[in-house]
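S.K.:
Residue numbers (the working numbering): 101 to 513.
#1: Considering only C-alpha positions, which residue in the set 445, 177 and 273 is nearest to residue 392?
#2: Count the other CB atoms within 10 Å of the CB of residue 329; is the residue buried (16 or more) or exposed (fewer)?
#3: Counting only runs of 4+ residues fully inside the stretch 119-189, write out the alpha helix (DSSP H) ranges in chain order.
#4: Among 382, 412 and 399, which residue has its Cα nearest to the Cα of residue 365?
#5: Please confirm if the stretch 315-329 is in contact with the stretch 197-211, defined as three or more CB-CB distances below 8 Å between the two stretches.
#6: For the beta strand (DSSP E) that residue 237 lies in, which residues bound it at each end?
#7: Taking all protein chains shown into account, decide if residue 101 is buried (16 or more other Cβ within 10 angstroms of its Cβ) or exposed.
#8: Where do the N-terminal and C-terminal ends of the alpha helix (DSSP H) with residue 373 fall, by residue?
#9: What residue from 233, 228, 229 and 169 has the CA that sits closest to residue 221's CA?
#10: Locate the beta strand (DSSP E) running through residue 449, then write down its first and last residues.
#11: Taking only three categories from DSSP, how would you classify residue 109?
#12: Taking one C-beta from the stretch 456-470 and one from the stretch 420-436 each time, how about it: are there three or more such pairs within less than 8 Å?
#13: Expressed to the nearest angstrom, what Euclidean distance is found between the alpha-carbon atoms of residue 418 and residue 450?
#14: Report the three-state DSSP secondary structure of residue 227 (helix, strand or coil).
#15: Given a threshold of 16 other Cβ atoms within 10 Å of its Cβ, counted over all protein chains shown, does residue 211 qualify as buried or as exposed?
#16: In the DSSP assignment, find the unbroken alpha helix (DSSP H) run with residue 407 in it and report its ends.
#17: Taking the straight line between their C-alpha atoms, what separation do you get for residue 319 and residue 474?
#18: For residue 323, tell me which candidate among 194, 223, 276 and 231 has the shortest Cα-Cα distance.
#19: Using the Cα positions of residue 469 and residue 120, report the straight-line distance between them to the nearest angstrom.
#20: How far does the alpha helix (DSSP H) with residue 296 in it extend, from its first residue to its last?
#21: Is residue 272 buried or exposed, if buried means 16 or more other CB atoms sit within 10 Å of its CB?
#22: So, is residue 511 buried or exposed, given that buried needs 16 or more other C-beta atoms within 10 angstroms?
#23: For the alpha helix (DSSP H) containing residue 465, name the first residue and the last one.
#24: In its own chain, which residues sit with a C-beta less than 6 Å from the C-beta of residue 504, not counting the 5 before and 5 after it?
#25: If I measure Cβ to Cβ from residue 401 and keep anything under 8 Å in the same chain, skipping five residues before and after, which residues do I get?
#26: In three-state terms, what does DSSP make of residue 104?
#27: Tell me the rounded alpha-carbon separation between residue 301 and residue 289.
#28: Pull up the DSSP beta-bridge partners for residue 206, would you.
#29: Do residue 306 and residue 231 have their beta-carbon atoms positioned less than 9 Å apart in this structure?
#30: Would residue 186 pass as a contact of residue 207 if the rule is Cβ separation under 9 Å?
#31: Would you report the Cα separation of residue 52 and residue 161, rounded to the nearest angstrom?
#32: Using CA atoms only, rank isn't needed, just tell me which of 277, 362, 422 and 303 is closest to residue 205.
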């Protein structure tokens, strides 16, 4: 019954312009329609509570029209208290992530989220405005865990402003906690932990103010390291790009760009067997392009990776894949990071297979993964009969034809 409290909560947690677009503009539409309806007959009208309060809420707008608006209060019997959960009962849900090697608790069932090739679990608590994120990443004792964790945090948060940072020990794990302020999105409490086999990243954020400490501690302290389950390989197919490959975890789009002469798409996932990331990209060049020198194409496509690693490739090998020429690269950065890449140019489409890791990768494992890549037959468009409006010709087309085609056909004649 506290509509002003609800209004305050919406204003606090809602993103910019949410109130204007979702509430105020619709309030005026509802106001006009309610006025037109109740002029002629009695009516029972249901709206969301958020549309009632405020100087531009329905109560105020209808009052300005001259209507008498009175609230109806339910009797205060206290019965509602019997429906509330027991405060002493833990209602959070235990989440077991066998592929990630951890379990923890969240206020509700999380949603899988794929970011930068990492499989995350995310949950949005609409009641409090807090959102929860959790993921893990395999590491190695040879790596400097602090450096890996810093890089991981930077990727996941987009380089927010750290407000505080302290080293911590949690059970047998080491790491740190920090408060992070983002420029446009939210404020986070972050915990990063390392147990020599995995790095765990837990984040709790809220749009305004600071995350609730009790919720953050309950979330952070629910983390338990468990044995990571072996990856179950699945066959991923892209019928449009005409390829398939066996992957060890969810393969999702991480980049998708369309330009005037180039279409670019990248799929990625974590391969826990060698603690690295598997990616498949394909670049569609403009139709009709002729490539007189494939070497120029491969060198141009590999140049951004070489620049990112800051060193020359250690290994370059030309071969054939089916009847197409392909090129393999291996490059090792100064920090020990390794990248294998295979380039295959098929007509006007360039496929790029890559495996990267902070560890030294085993070439046998990588090329075994690459060998599961195959071309498949793309989906053929289903032709449909089209009759012109003049009924003087018929043609088979790969989709529904717009009526404007008649004018184009007439001009073509």
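Beta carbons: idealized from backbone N, C-alpha and C, even for Gly.
M.R.: Answer, in terms of the structure:
#1: 445
#2: exposed
#3: 125-138 and 158-164
#4: 382
#5: yes
#6: 230-238
#7: exposed
#8: Run containing residue 373: none; DSSP gives neither H nor E here.
#9: 233
#10: 449-457
#11: helix
#12: yes
#13: 15 Å
#14: coil
#15: exposed
#16: 394-409
#17: 43 Å
#18: 194
#19: 51 Å
#20: Counting along the chain, residue 296 falls outside any alpha helix (DSSP H), and DSSP gives it neither H nor E.
#21: exposed
#22: Low confidence applies here, because residue 511 scores a pLDDT of 46, under 50, leaving its location unreliable; read the following figure in that light. Exposed, by the Cβ-count rule.
#23: 463-470
#24: Unreliable positioning characterises residue 504 in this predicted model, as indicated by a pLDDT of 47, which lies under 50. The coordinate reading is nonetheless provided below. Excluding positions up to five away in sequence, the list is empty.
#25: 383, 443, 450 and 452
#26: helix
#27: 11 Å
#28: 193
#29: yes
#30: no
#31: The chain is shown from 101 up to 513; residue 52 falls before or after that span and cannot be answered.
#32: 303
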